[in-house]
Structures are given as C-alpha cells and as structure tokens.
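Q:
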Amino acid sequence: MSLKSRDNNNSTTGQFAMRPVAKWVRTAVIAGMASSCVFTASAQEDQGKATEVEEDVEIISVTGTRRTIQDQIAIKREATTVVDGLSSEDIGDLPALSIGEALESITGAASHRENGGATEITIRGLGPFLSATHINGREATNGSGDRSVNFSQFPSELVKKVAIYKTQDASMIEGGVAGVIALETITPLDFGKQRVSAEVKLNYNPDEGNVDNSLQSDAGYRGTFSYVDQFEFDNGQAVGVSFGVQRQDISQPEAEYRSSSPSGSSLWACLNDP
C-alpha cells in the first residue's frame, strides 16, 4: 500500500490522500494543553498553601471533669457502704492548701481550724476523736492519746484518693465510730512519668506585730516540693520513688487568756483589732 501527498501546486494521485490540519484545530489543541498546565500548577500551589495553613494551626486540647464525676458515681454505686470521696484531679482543682481543707468540701465533713488552716476533721458532727484515719490501709494516730489526726501535715501533691466511709464495713479496721477517713497515696510505678512539683503560697496578716514578738513579720508562707520518678533495670525489674516535703509558717496571731481558776485553764482567741 502506498501513500502519496498532495499540495496546492502539484497534484499526486494515490489510494489515500492526507489533508492538511486546519489552523483552528491546532490552535484549540495548543490552548487546551496550555490550560491543563496552568490548572495543574494552580492545583499544586493551592495544595502547598493548604499544607502551610495546616502546619501553622496550633493543637487545641480540651479536657473536662466528666470522667472524674463518672468515677465518683461508680465508686458509690459499687460500694456497699455510704462513702464520699475525692480523687487527685478533684484535689488539684479545689483552692485548698492541704488535705484537711479539701476534705471540708465533702458532705458531712467539717474541720477544726488552727492558725488559719484546717487540721482535724469531724464527721457528722461527732468530733475528730471519734473518727478513724487510715493511710494505705494502715491506721494513723498522733501523740494526743485519741484518734484525731492533723491533716495539714500531709502534702496534697502525693495523695491519690481520699474517701470518707460514713458506715462500717467488715473489711475496715474497727475504731471509727463517726466514720473512717481513708487516704491513698500515689503509686510511682502506676504514675508512669516523672514529675517534679514546687509550690509557694504567701499570706499576710497586719496584726502579727500586736503579739508578744513585735519583730515578727506580718507575712507567712507555705512551701511544698514533691518528686515522683521510676527507674527500670536491665533485668526487667523496676522501682518507683516518691518524695514530698512541706514547710509552712502561717501568720495568724493568737493570744492566750488565762483564767483565775485553780485549774489554770486557758483560752485562745485570734486578734482582729490592734
């Protein structure tokens, strides 16, 4: 089969003849290719801008207390006794200086205050000496001869959970007539990360200089430091460490008034006026 071409000047015969492509067809093809290139470049540019915008957006994290409330409800639902409690998240959210002040937020609990801070806890108004206190399942006592405990000495940073049992249970140590206050400290291995926390709070009382020592400062402070960490050995064993220390100098002046009775009893009162 032979193909022959034909132009305007010389005519050539053959079985097939090819006609020249029209100019408008060539123009349309070239325009289509150019628009395709422009569209591709524009799409790539838009994609690059979108990537830049996504990289510039900050990560916004939203947290809430719904899980904490659910855990508290679950504890009450599964317990066979009347119990109220606080978790470490609740203690951190409350404006409390110590565990004693955090316990005041529980229904049925009240505190005795000394030097401006909560110390002993009363359950259902029966007095702190009728309540029992457990720390990690062990009974806690003090040197006063009764069952009352000064809760201002426990750093809140190392407490995981606090529960007040208002009714008795066979699994508890006996002795809590009014109720049982159970403290559970954090477990370093379950904590899962290193934490170093330091906190300092200041208070001010202008009547401090009215007491015996006029050189005493009107300002007081409370400082806490806690450290939690975990160490893993080559044999697969692990050890956890938790350490906490608390120092406080509360500026709350008090004056002692002694009566004339032979017993020599004394009363304490706060000074509010110069």
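Each residue of the sequence shown is one higher than the one before, starting from 1 at the first, in the UniProt record's numbering.
Glycine included, every Cβ here is placed at the ideal spot set by N, Cα and C.
1) Determine, using beta carbons only, whether Q227 and V241 come nearer to each other than 9 Å.
2) Using only the alpha-carbon positions, how far apart do N142 and I59 sit?
3) Within the continuous alpha helix (DSSP H) that includes F231, where are the two ends?
4) Should the region 117-127 be regarded as contacting the region 176-187, the criterion being three or more beta carbon pairs within less than 8 Å?
5) Could you spell out the range, first to last residue, of the beta strand (DSSP E) harbouring E139?
6) DSSP three-state label for K76, please.
7) Going straight from the alpha carbon of K161 to that of F129, what length do you get?
8) Helix, strand or coil, according to DSSP, for A110 in the structure here?
9) Identify, in the order they occur along the chain, each residue of the same chain with its Cβ nearer than 8 Å to the Cβ of R147, setting aside the five sequence neighbours on each side.
10) Can you tell me whether D169 is helix, strand or coil according to DSSP?
11) Since A102 and S156 should fall inside the 8 Å C-beta cutoff, what is the C-beta to C-beta distance between them, to a whole number of angstroms?
12) I need the DSSP call for E104, collapsed to helix, strand or coil.
13) Considering only the alpha carbon of each residue, which of R247, A163, Q246 lies closest to G85?
14) Report the three-state DSSP secondary structure of F243 (helix, strand or coil).
15) How many Å lie between A219 and R247 at the Cα?
16) Between the Cα of Y221 and the Cα atoms of H112, S98, I106, Y204, which residue gives the shortest distance?
17) Alpha carbon to alpha carbon, how far is L126 from E104? Give it in angstroms, no decimals.
18) Work out the CA separation of D190 and C37 for me, nearest whole Å.
19) Which whole-angstrom value describes the C-beta separation of K166 and V83, a residue pair presumed to lie in contact below a C-beta threshold of 8 Å?
20) Give me the Cα-Cα distance between D169 and T81, rounded to the nearest whole angstrom.
21) Evaluate T224 with the Cβ neighbour count: other Cβ atoms within 10 Å of its Cβ, from every protein chain shown; 16 or more gives buried, anything less gives exposed.
22) Which class does E157 belong to by DSSP, given the choice of helix, strand or coil?
23) Only counting the same chain, and skipping five residues up and downstream in sequence, which positions put a Cβ closer than 6 Å to that of F154?
24) At which residues does the beta strand (DSSP E) containing D84 begin and terminate?
25) What did DSSP end up calling S197 once you bin it into helix, strand or coil?
26) N136 and T185: beta carbons closer than 9 Å?
27) Around the C-beta of V159, are 16 or more other C-beta atoms found within 10 angstroms, so that it is buried, or is it exposed?
28) Here's a check: name, in chain order, each residue in its chain whose Cβ is nearer than 6 Å to the Cβ of I106, leaving out the five neighbours to either side.
A: Well, looking at it:
1) Note that residue 227 is Tyr in the sequence shown here, rather than Gln. Yes. Within cutoff.
2) 49 Å
3) Counting along the chain, no alpha helix (DSSP H) covers F231; the unbroken beta strand (DSSP E) around it starts and ends at 219-232.
4) yes
5) Per DSSP, E139 is one residue of the beta strand (DSSP E) stretching across 138-140.
6) helix
7) 22 Å
8) strand
9) Excluding the 5 residues flanking it on each side, R147 has same chain C-beta neighbours closer than 8 Å at P128, F129, L130, S131, A132, T133, T141, G175, G176, in chain order.
10) The answer is coil: DSSP assigns D169 none of H, G, I, E or B.
11) 6 Å
12) coil
13) A163
14) If DSSP states are grouped into helix, strand and coil, F243 belongs with the strands.
15) Going from the Cα of A219 to the Cα of R247 covers about 14 Å.
16) Y204
17) 15 Å
18) Note on C37: pLDDT 48, under 50, position unreliable in the model; no value is reported.
19) 7 Å
20) 7 Å
21) buried
22) helix
23) I99
24) 83-87
25) strand
26) yes
27) buried
28) Around I106: D84, I164.
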